[in-house]
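K.L.:
One structure is given below, represented as structure tokens, and several questions about it will come after.
Protein chains: 2
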Amino acid sequence: MAEEIGDRAQHLLKVLVESYIRSGQPVGSRALARDSGLDVSAATVRNAMADLEELGMVSSPHTSAGRVPTNKGYRMFVDSLLTVKPLSEREIITLSDQLGVDGSKQELATSVSDYLAGMTEMAGMVMIPRTAKRSSLRHIEFMPLSGHRILAILVINEQDVQNTVIKVDRQYTPAELQQAANFLNNELAGHELFDVRHRILRELRETKDGMEQMMHQAISMAEQLFVKPGPEADSDDFVLSGQTRLMGFDELSNIEKLRGLFEAFNEKQQILQLLDRCLDGDGVQIFIGEESGYGVLDECSMVTSSYQVDGEVLGILGVIGPTRMAYERVIPIVDITAKMVSAALAQSK
Amino acid sequence: MAEEIGDRAQHLLKVLVESYIRSGQPVGSRALARDSGLDVSAATVRNAMADLEELGMVSSPHTSAGRVPTNKGYRMFVDSLLTVKPLSEREIITLSDQLGVDGSKQELATSVSDYLAGMTEMAGMVMIPRTAKRSSLRHIEFMPLSGHRILAILVINEQDVQNTVIKVDRQYTPAELQQAANFLNNELAGHELFDVRHRILRELRETKDGMEQMMHQAISMAEQLFVKPGPEADSDDFVLSGQTRLMGFDELSNIEKLRGLFEAFNEKQQILQLLDRCLDGDGVQIFIGEESGYGVLDECSMVTSSYQVDGEVLGILGVIGPTRMAYERVIPIVDITAKMVSAALAQSK
DNA sequence: GTTTAGCACTCTAAGATTGCGAGTGCTAAA
DNA sequence: TTTAGCACTCGCAATCTTAGAGTGCTAAAC
């Protein structure tokens with residue numbers, strides 16, 4: 001089996017995928033010959049198709065239908081055949097308008113996700129990962145609750161507030177808690193979370209001996225907050241919007257599939273896991289069909305990109321839609337969006 | 001047209017609705033005569049059906065199909081014909097197990113909604129309305145942000161934290177903000193939100209003259225927090241779970257309808273408006289089909305009930321599903337759930 | 001060797017036709 | 001007032017038909 005694919009075959013594959021993306025119908029040899037721009041007959045195309053089929057790039061749903069790209073074919077297409085169209089001026093302006101730089105992370109994420117969904121007519125998603133290492137602790141506040149529990153409020157960065165309930169050994173008076181909070185604020189406020197988590201807490205612990213009782217307790221509270229599973233381990237958050245648009249695609253009109261998909265969205269956990277795998281990669285990444293290793297996404301593709309500040313990846317954004325999507329449009333949209341978000345975040349620092 | 005419906009006709013309607021709920025198929029006269037338990041012939045049933053049809057209680061999808069209840073028929077059914085089955089011991093135990101009393105309101109709402117969805121096999125919903133009047137302010141905290149903005153953190157009740165950004169006329173130093181917060185905490189902490197909003201603010205404003213500059217400013221911040229549209233006007237929150245179960249029902253297998261429904265869920269606003277209308281009513285309330293005055297719910301019914309503490313309505317919970325639902329099971333589930341939630345809340349006070 | 005035209009063959013999607021079963025409405029008798 | 005009988009209607013599913021699209025193969029042309 002010749003792994004080599006001739007130039008003409010490649011070109012034909014490209015035209016076939018494009019045509020299939022446009023129409024959703026299997027592409028026959030005659031139509032392909034016409035659209036290819038090549039001056040060849042349908043019969044020649046048929047021969048080429050036979051080759052491509054042998055290589056697993058295309059398949060026919062039944063004997064006398066046209067050819068449809070397989071996932072492998074899509075992969076080939078996006079990897080080496082795709083020519084992306086640059087975005088129009090207008091589209092870029094729309095995005096930068098929508099990118100309100102102020103507002104909490106959540107709000108930013110929502111507006112970006114809405115933008116992606118709107119532009120691509122598919123579902124948009126934005127992941128805000130572990131309150132990034134970049135972020136610094138501003139303030140800690142404790143409030144007593146009933147039982148041996150304390151409500152801890154952390155203010156991080158500009159306007160992210162996290163609250164967690166921690167358990168302690170006994171009741172504390174508001175005054176005691178105030179004292180503990182003051183102490184921790186003195187020691188920790190203004191430092192980056194990363195530092196807080198490791199260096200500072202360790203230092204504090206080491207010099208524990210010379211400290212009075214109250215400080216001990218303050219530190220063990222802080223440990224619950226920062227070292228233990230911590231508030232942010234699962235507060236990995238992500239925003240998904242425009243899911244309902246996916247109902248429009250006929251490859252998903254199978255209620256069962258749709259239901260699986262929506263249940264996956266509700267779970268979040270599994271999608272997040274998937275997005276985690278994108279964190280390593282650079283630039284636009286594409287999962288086609290079952291490449292995600294995740295059954296319900298069989299007929300879907302994801303196009304994602306990371307956004308970053310100072311070279312550090314902060315999160316992932318992208319869209320999810322049917323495998324048969326207009327990659328040449330979607331890819332630049334996701335790409336530019338990631339870049340604009342990166343820029344916006346850098347600027348607001 | 002005789003508005004009176006004979007006893008037999010009523011009984012037949014009841015059996016018809018029950019049968020239709022079970023099977024989803026139009027009910028023919030022969031089957032109805034058999035199932036009714038009455039010793040009458042199909043022909044007699046047909047006559048009764050003709051009467052019911054004239055009254056708008058049933059209709060036939062086409063000439064030679066059986067009869068199907070109309071929304072008016074459902075209404076009659078739930079209003080006067082329905083006999084609800086009490087819940088089994090087991091089912092009640094399941095609920096009280098799930099009702100973890102601690103945890104934030106959000107968590108409670110989620111677990112209740114999940115329970116409703118699970119028991120009824122439909123979508124469950126729980127509304128947590130305007131941070132209830134019952135609740136009292138525990139603490140206020142300010143943090144300076146860039147620009148003329150301040151992050152205000154309100155702790156309400158046991159563990160509800162709300163944060164809002166307010167705009168002010170100039171930059172404030174942390175010390176100033178601390179001072180303002182201290183002042184407000186002294187004056188307002190421990191009071192019920194309802195009081196805070198009206199009485200205290202008014203009082204403070206009246207005696208404003210004698211106060212120093214800083215206090216003035218503290219009060220205008222507080223006004224932004226409590227009097228203006230306020231954090232809680234739209235933070236009316238509600239939890240919806242199990243939506244995907246609705247995909248299972250064939251009356252909703254029409255993708256377009258499903259999509260409308262899910263979009264309504266995403267909007268939240270409109271559903272909330274609908275739930276608001278339940279706040280006045282007492283006990284279990286039922287919206288059948290277009291009674292909600294809301295197009296996308298045409299083929300759906302809502303069964304809701306309020307939950308309350310000390311006679312004051314705190315929120316609404318219920319389920320949403322196809323009009324053809326097993327009311328006799330769903331109604332007691334919603335009813336008991338509301339009562340258990342009420343009890344749980346009263347206990348945790 | 002590659003490309004092309006021709007041709008027989010296959011398969012589907014969309015109508016059209018039919019028979020069947022379920023159910024109705026009406027009438028006349030009990 | 002109830003019932004039995006009967007003609008009639010309708011929808012559904014099964015079957016058949018046809019048109020169209022597309023393929024694979026072969027033999028001829030380049």
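Those protein sequence lines, which keep their order, are chains A and B.
Counting from 1, position 77 in the first sequence corresponds to residue 77 in this note's numbering; the numbering is continuous, with no gaps.
Counting from 1, position 179 in the second sequence corresponds to residue 179 in this note's numbering; the numbering is continuous, with no gaps.
Even for Gly, the Cβ is constructed at its ideal location relative to N, Cα and C.
1. For chain A, find out if any of its Cβ atoms is closer than 8 angstroms to the Cβ of B/PHE262; answer yes or no.
2. Under 8 angstroms, do A/ASP276 and A/SER305 count as touching if we go by C-beta distance?
3. In angstroms, rounded to a whole number, what distance separates the CA positions of A/GLU256 and A/ASN71?
4. Taking Cβ positions, are B/ASN351 and A/THR244 nearer each other than 8 angstroms?
5. Assign B/ARG34 to one of two classes, buried (16 or more other C-beta atoms within 10 Å of its C-beta) or exposed (fewer than that).
6. For A/LEU151, which of A/ASN157, A/LEU137, A/GLY73 and A/PRO174 has the nearest alpha-carbon?
7. If we count the other Cβ atoms within 10 Å of its Cβ and call it buried at 16 or more, is A/PHE262 buried or exposed?
8. So, at 6 angstroms on beta carbons, what are the nonlocal neighbours of B/GLY230 in its own chain, with the 5 sequence-adjacent residues on each side left out?
9. Quick one: which residues of the region 234-250 of chain A get their C-beta closer than 7 angstroms to a C-beta of chain B? List them in chain order.
10. Can you list, in chain order, the stretches of the beta strand (DSSP E) that have 3 or more residues and sit fully within the region 174-207 of chain A?
11. In terms of alpha-carbon separation, which member of B/ALA9, B/PHE226 and B/THR337 lies closest to B/LEU352?
12. Are the region 21-33 of chain B and the region 323-343 of chain A touching, with three or more C-beta to C-beta distances below 8 angstroms?
13. On the criterion of 16 or more Cβ atoms from any shown chain inside 10 Å, does B/GLN217 qualify as buried, or is it exposed?
14. Please classify A/SER36 as buried or exposed, where buried requires at least 16 other C-beta atoms within 10 Å of its C-beta.
15. On the DSSP bridge list, what partners appear for A/ALA352?
16. Could you check what DSSP says for B/ASP234 in three-state terms: helix, strand or coil?
17. Do you know offhand how far B/ILE140's Cα is from A/GLU158's?
18. If you drop the 5 nearest sequence neighbours on each side, which residues of the same chain put their C-beta closer than 7 angstroms to that of B/GLY73?
19. Which same chain residues, not among the five before or five after B/PHE142, have their C-beta less than 6 angstroms away from its C-beta?
20. If you draw a straight line from the alpha carbon of A/GLY260 to that of A/ILE219, how long is it in whole angstroms?
21. What residues from chain B crowd round A/ILE128, counting only those whose CB sits closer than 8 angstroms?
22. Among the residues of its own chain, which have a CB less than 8 angstroms from the CB of A/MET352, if the five just before and after it don't count?
23. Please classify B/TYR294: does DSSP put it in a helix, a strand, or coil?
24. Between which two residues does the alpha helix (DSSP H) holding A/ASN266 run?
25. My guess is that A/TYR20 and A/PRO86 are in contact by the Cβ rule of under 8 angstroms, so how many angstroms apart are they, rounded?
26. Is the separation between the beta-carbon of A/LEU99 and that of A/ILE333 shorter than 8 angstroms?
27. Give me the subset of the region 139-152 of chain B whose CB atoms are less than 9 angstroms from a CB atom of chain A, sorted by chain position.
28. Hey, A/MET127 and A/GLY315 are a contact pair by Cβ (cut 8 angstroms); roughly how many whole angstroms apart?
29. If we define contact as Cβ-Cβ less than 8 angstroms, is B/LEU258 a contact residue for chain A?
30. Any idea which residues DSSP pairs A/GLU141 with across the strands?
31. DSSP three-state call for A/GLU158: helix, strand or coil?
32. Just to confirm before moving on: does the CB-CB distance between A/LEU345 and A/VAL309 stay below 8 angstroms?
33. Output yes if chain B places a C-beta closer than 8 angstroms to the C-beta of A/ASN266; else output no.
34. Please say whether A/GLU290 and A/ASP298 have beta carbons closer to each other than 8 angstroms?
35. If the cut is a Cβ gap below 7 angstroms, which residues of chain A does B/ILE255 touch?
36. Within its chain, find whatever has a CB closer than 7 angstroms to the CB of B/LEU121; leave out the 5 residues flanking it on each side and keep chain order.
P.N.:
Quick answer:
1. yes
2. no
3. 21 angstroms
4. Residue 351 of chain B lies beyond the stretch modelled for chain B, which goes from 1 to 349, so this question has no answer here.
5. exposed
6. Per the Cα distances, A/PRO174.
7. buried
8. Its pLDDT being 46, under 50, B/GLY230 is placed unreliably by the model, and the measurement read from it follows with that caveat. Hits under 6 angstroms: none found.
9. THR244 and MET247
10. Taking only runs of at least 3 residues, no beta strand (DSSP E) segment lies wholly in the region 174-207 of chain A.
11. Here chain B covers residues 1 to 349 and nothing more, so residue 352 of chain B does not appear.
12. no
13. buried
14. buried
15. As displayed, chain A neither begins before 1 nor continues past 349, which places residue 352 of chain A out of reach and without an answer.
16. Unreliable placement is indicated for B/ASP234, whose pLDDT of 49 sits below 50; the coordinate value is still reported in the next sentence. Reduced to three states, the DSSP call for B/ASP234 is coil.
17. 18 angstroms
18. A distance below 7 angstroms between beta-carbons, with the five flanking residues on each side excluded, links B/GLY73 to the following residues of its chain, in chain order: LEU13, VAL17, MET57 and VAL58.
19. ILE150, ALA152, LEU177 and ALA181
20. 45 angstroms
21. Result: empty, since nearest Cβ-Cβ is about 17 angstroms, beyond 8 angstroms.
22. Examination of residue 352 of chain A is not possible in this model, given that chain A is present from 1 through 349 alone.
23. coil
24. From DSSP, the alpha helix (DSSP H) with A/ASN266 extends over 255-267.
25. Not a contact, Cβ separation roughly 23 angstroms.
26. no
27. Listed by position, the residues of the region 139-152 of chain B near chain A (Cβ gap below 9 angstroms) are HIS139, GLU141, MET143, LEU145, SER146, GLY147, ARG149 and LEU151.
28. 5 angstroms
29. It does: the Cβ of B/LEU258 has a partner Cβ on chain A nearer than 8 angstroms.
30. According to DSSP, which records beta bridges pairwise, A/GLU141 is partnered with A/ILE153.
31. coil
32. yes
33. Yes, A/ASN266 lies at the interface with chain B (some Cβ there is under 8 angstroms from its Cβ).
34. yes
35. MET247 and SER253
36. Before going on, a small fix: residue 121 of chain B reads as Glu here, not Leu. So the qualifying residues of the chain are ARG245.
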